[in-house]
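Q: Chains as they are written, first to last, in this note's numbering: chain A, 243 to 578; chain B, 243 to 578.
Quick one: the structure is below, and I'll ask about it shortly.
Protein chains: 2
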Amino acid sequence: MAVIVPFESPSGASIDGLVGLVAADMERVNTTILSRTGSDVTMIPEVANHLISSGGKRLRPMLTLAMAHLTGYPGDGHIKLAAAVEFMHTATLLHDDVVDESEMRRGKLSARMLWGNEASVLVGDFLLGQAFRMMVEVGSLRALDILSAAAATIAEGEVMQLAAAKNTATTEDEYLAVIRGKTAELFAAACEVGPVLADRPKAEQAASRSFGMNLGIAFQLVDDVLDYGGKAAKLGKNIGDDFREGKITLPVVLAFRRGSDSERAFWIKSLERGEISDHDLDHAIGLMNKHRALEDTISRAHHYGAMAVDALALFPASPMKAALGQVVAFCLARSH
Amino acid sequence: MAVIVPFESPSGASIDGLVGLVAADMERVNTTILSRTGSDVTMIPEVANHLISSGGKRLRPMLTLAMAHLTGYPGDGHIKLAAAVEFMHTATLLHDDVVDESEMRRGKLSARMLWGNEASVLVGDFLLGQAFRMMVEVGSLRALDILSAAAATIAEGEVMQLAAAKNTATTEDEYLAVIRGKTAELFAAACEVGPVLADRPKAEQAASRSFGMNLGIAFQLVDDVLDYGGKAAKLGKNIGDDFREGKITLPVVLAFRRGSDSERAFWIKSLERGEISDHDLDHAIGLMNKHRALEDTISRAHHYGAMAVDALALFPASPMKAALGQVVAFCLARSH
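Laid out in structure tokens, this is it:
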């Protein structure tokens, strides 16, 4: 699941620093993305560009560029790897929309509403194939290993979510395992390949991976909160989507565990059996507020955000390191 | 699209020779397949093994093993590449079933009927990820290049088919471009990686690729014919599926081009507009027989079969080469 990341948040935290530092590289990434969605089969660039050009902020490829810079990589393999990361992400979104039967994505009709489920599945597969081609061209077997393992882990996390769907007894640990797979793993891999390309020591590779993993977890937790109280217009999706789809996210896990028997009956009725009537979303949000479930999900997000920042401690101070700290603050501040 | 390949055909052509020659390797491939579908997320092995253990004859991985043998490869990288090829094929089948809304696959309910479209999409993605992990483990960048390009080309062929679907004006050339992508490319890649692993001269790599490509085209053309006159029980699918789905295959292309105005109106009504009543499939088969469309599709298949056999000419005579010739004869004989 992804949301549009607004460039500014009320707290002043911003990703503008990062955007500025990687701007020149990002232009090359965008050119690569454009050329690699090309095909004589016109439906492919149509579907791919509908989503790719729809205003996502390309946070994941920016992270690949940033970590390559931070660790002093002098080559240009990071351009293709960053494009590959964005293709993997886009393929996941296309397939997610089919899985979730989503009607909207980033404030526009989803690709499957415009071209059908078939096109979403197949163009997703095409982008995944193109992503691997680009990785192969870069020629780093270690980067290939990281990104191909991530592809399998992401799918595994999504299946886990499917199996956990509508199960209100899901524990916080089980839920964390889901989001580590479906969201955080790609952040982690996107970051890890930077120092891998630069052939830096294992400690820097591990630190970069840890930064990405914890940032990804924090990002997803804030996303979960926004689904119950966010600014739908900025998000490009509707409040309550998770609720209507019976998705078990951390706010639900906390509200369910802390609730009374009759409250648990409400969660089971609405999420497991899908019996939802007009004011049930309001009631759900009321229960979350009563049990501080949204607030505490944000606290948890801050915990992972802090781990992300600390993971970068072994790198010397630099504008890029400061910008990456700002990215963490920005992701957390989205919830205000 | 794939069918169960029966081990024997009335003409006596058989794949038993190939099966015998690769039996020891194939056992290792099967062990690899089993271990790589493993996951703590139980739905993954369930869905994957439902299809993988459902009686497909694993022709594609056998081709990888065969070409590695034929070109004298002494290592064991071909085991993982063969398993990767089977995973790519299985992922394609899982996604195809979602795209085609198929209810049956190899004589059993399709995975999407048992676990839903969601699981079929995501487990397909997982298998694709695992396929790439195995390729990376083998460590041949050239083999990775071939197989990742194949992944993109297969998806491209499927999208092309989607765009051509229900368009009775499709030419034979356009149709050939579709099946080169969606079917023959994986046969070609499966064969090509054998001599690539063995580090054989370009001529042998090209010959192996050509063998696979032409065998794949012949295989698909026979498959198209079987959909209008095959033995549904052996195929594990129903006669007329392509017709009901409005799929434009070579028998349709030929019957349409050779037909009268009123016959073309029939094809447009049934395939483009999907207005199909009780006896229309019989009528369609009648028109195909009248214009020798099925017979001539088989003739075309023999043409590609002959090209496949000739592609192997530069290899010295051996039991493996003879067995590969038998595979071509067998694929063609399925139509009798």
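All C-beta atoms in this analysis are idealised placements derived from N, C-alpha and C, irrespective of residue type, glycine included.
Quantities reported herein were computed from a predicted structural model and do not represent experimental measurements.
(1) Find out if the Cβ-Cβ distance for the pair residue 569 of chain A, residue 260 of chain A is shorter than 7 Å.
(2) Return no unless some Cβ of chain A is closer than 7 Å to the Cβ of residue 363 of chain B.
(3) Using a Cβ-Cβ cutoff of 7 Å, what residues of the stretch 378–402 of chain B are near chain A? List them in chain order.
(4) Check whether the Cβ atoms of residue 471 of chain A and residue 523 of chain A sit closer than 7 Å, and answer yes or no.
(5) When the Cα atoms are used, what is the spatial distance from residue 543 of chain A to residue 485 of chain A?
(6) Per DSSP, what are the beta-bridge partners of residue 350 of chain B in this structure?
(7) Indicate whether residue 462 of chain B and residue 421 of chain B have their beta-carbon atoms separated by less than 7 Å.
(8) Would you say residue 261 of chain A faces chain B, with C-beta separation under 7 Å as the test?
(9) So, for residue 452 of chain B: in the same chain, excluding its five sequence neighbours on each side, which residues have a beta-carbon less than 8 Å away from its beta-carbon?
(10) Helix, strand or coil: which one does DSSP assign to residue 390 of chain B?
(11) Residue 325 of chain B to residue 575 of chain B, Cα distance in whole Å?
(12) Alpha carbon to alpha carbon, how far is residue 271 of chain B from residue 508 of chain B?
(13) So, does the CB of residue 285 of chain B fall closer than 7 Å to a CB anywhere in chain A?
(14) With H, G and I counted as helix, E and B as strand and the rest as coil, what does DSSP make of residue 256 of chain B?
(15) Please work out which residues of its chain come closer than 7 Å, Cβ to Cβ, to residue 361 of chain B, disregarding the five sequence neighbours upstream and downstream, and give them in chain order.
(16) Helix, strand or coil: which one does DSSP assign to residue 407 of chain B?
(17) What are the start and end residues of each continuous alpha helix (DSSP H) run of 4 or more residues lying completely inside the stretch 461–518 of chain B, in chain order?
(18) By a C-beta neighbour count over all protein chains shown, 10 Å radius and 16 as the cutoff for buried, is residue 337 of chain A buried or exposed?
(19) Report all residues from its chain with a CB closer than 7 Å to the CB of residue 563 of chain A; omit the five preceding and five following residues, and keep chain order.
(20) Quick check on residue 447 of chain B - is its C-beta less than 7 Å from some C-beta in chain A?
(21) Starting from residue 282 of chain B and walking both ways along the alpha helix (DSSP H), at which residues does that stretch end?
(22) So, under 8 Å CB-CB, residue 374 of chain A and residue 390 of chain B are touching, yes? Tell me the CB distance rounded to an integer number of Å.
(23) Quick check: what's the CA-CA separation for residue 350 of chain B versus residue 297 of chain B?
(24) Does the distance from the C-beta atom of residue 513 of chain B to that of residue 408 of chain B stay below 7 Å?
(25) Going by DSSP, what residue range makes up the alpha helix (DSSP H) through residue 525 of chain B?
(26) From this set, A:492, A:256, A:307, A:294, which residue's C-alpha is nearest residue 413 of chain A's C-alpha?
(27) Could you name the residues of chain B that residue 319 of chain A contacts, counting a contact when the two beta carbons are closer than 8 Å?
(28) Mark residue 515 of chain B as exposed unless 16 or more other C-beta atoms lie within 10 angstroms of its C-beta, in which case mark it buried.
(29) Please check if any C-beta of chain B sits within less than 7 Å of the C-beta of residue 243 of chain A.
(30) Just the Cα atoms here: how many angstroms apart are residue 300 of chain B and residue 458 of chain B?
(31) Figure out for me which residue from A:355, A:573, A:267 has the closest Cα to the Cα of residue 466 of chain A.
(32) Kindly indicate if chain A contains any beta-carbon less than 7 Å away from that of residue 367 of chain B.
(33) Suppose the cutoff is 6 Å on Cβ atoms and the five residues either side in sequence are ignored; what does the same chain contact list for residue 370 of chain B look like?
(34) I'd like the list of long-range same chain contacts for residue 511 of chain A, defined as Cβ closer than 8 Å, with 5 residues on each side in sequence excluded.
(35) Within the chosen definition, does the stretch 428–444 of chain B reach the stretch 521–536 of chain B through at least 3 CB pairs nearer than 8 Å?
(36) Could you tell me the alpha carbon to alpha carbon distance between residue 559 of chain B and residue 445 of chain B, rounded to whole angstroms?
A: Let me spell this out:
(1) Taking C-beta atoms as the reference points, residue 569 of chain A and residue 260 of chain A count as a pair closer than 7 Å.
(2) Interface residue (Cβ-Cβ distance to chain A less than 7 Å): residue 363 of chain B is classified as such.
(3) Those would be 378, 381, 383, 386, 387, 390, 391, 393, 394, 397, 398, 400, 401, 402, in chain order.
(4) With respect to residue 523 of chain A, residue 471 of chain A sits apart: the two C-beta atoms are not nearer than 7 Å.
(5) For residue 543 of chain A and residue 485 of chain A, the gap between their C-alpha atoms comes out near 20 Å.
(6) DSSP lists B:347 as partners of residue 350 of chain B.
(7) Yes, Cβ-Cβ distance for residue 462 of chain B and residue 421 of chain B is below 7 Å.
(8) No, because no Cβ of chain B sits closer than 7 Å to the Cβ of residue 261 of chain A.
(9) Closer than 8 Å at the Cβ level, and outside the excluded window around residue 452 of chain B, lie 430, 549, 550, 553.
(10) Reduced to three states, the DSSP call for residue 390 of chain B is helix.
(11) Between residue 325 of chain B and residue 575 of chain B, the C-alpha separation is close to 27 Å.
(12) Going by C-alpha positions, residue 271 of chain B is about 48 Å away from residue 508 of chain B.
(13) Interface criterion met: the Cβ of residue 285 of chain B is under 7 Å from a Cβ in chain A.
(14) Looking at residue 256 of chain B - three-state DSSP - the assignment turns out to be strand.
(15) Closer than 7 Å at Cβ, skipping near neighbours: 285, 289, 353.
(16) In this structure, residue 407 of chain B counts as coil in the three-state DSSP scheme.
(17) Runs found: 474–477, 483–486, 492–500, 503–509.
(18) With 16 or more other Cβ atoms within 10 Å, it is buried.
(19) Within the same chain, residue 563 of chain A has close Cβ partners 312, 554, 557.
(20) By the rule that beta-carbons nearer than 7 Å mark a contact, residue 447 of chain B does not touch chain A.
(21) First-last for residue 282 of chain B: undefined, no H or E at that position.
(22) Indeed they touch by this definition, with Cβ atoms about 4 Å apart.
(23) Approximately 10 Å between the Cα atoms of the pair.
(24) Judged by beta-carbon spacing, residue 408 of chain B lies within the 7 Å limit of residue 513 of chain B, meaning their Cβ atoms are closer than that value.
(25) DSSP places residue 525 of chain B inside the alpha helix (DSSP H), whose first and last residues are 522–532.
(26) Nearest of A:492, A:256, A:307, A:294 to residue 413 of chain A, Cα basis: A:492.
(27) Neighbours of residue 319 of chain A on chain B: none; closest Cβ ~13 Å, over 8 Å.
(28) Around the C-beta of residue 515 of chain B, fewer than 16 other C-beta atoms lie within 10 Å, and the residue is accordingly described as exposed.
(29) Legend: pLDDT at residue 243 of chain A = 37, less than 50; position of this residue unreliable, value from coordinates given subsequently. Chain B contact via Cβ: absent.
(30) Their Cα atoms are separated by approximately 14 Å.
(31) Nearest to residue 466 of chain A by C-alpha distance, out of A:355, A:573, A:267, is A:573.
(32) With 7 Å as the cut-off, residue 367 of chain B counts as an interface residue toward chain A.
(33) Answer for residue 370 of chain B: 333, listed in chain order.
(34) Taken in chain order, the residues that qualify are 517.
(35) By the Cβ test, the stretch 428–444 of chain B is not in contact with the stretch 521–536 of chain B, since fewer than three Cβ pairs between them sit closer than 8 Å.
(36) Going from the Cα of residue 559 of chain B to the Cα of residue 445 of chain B covers about 17 Å.
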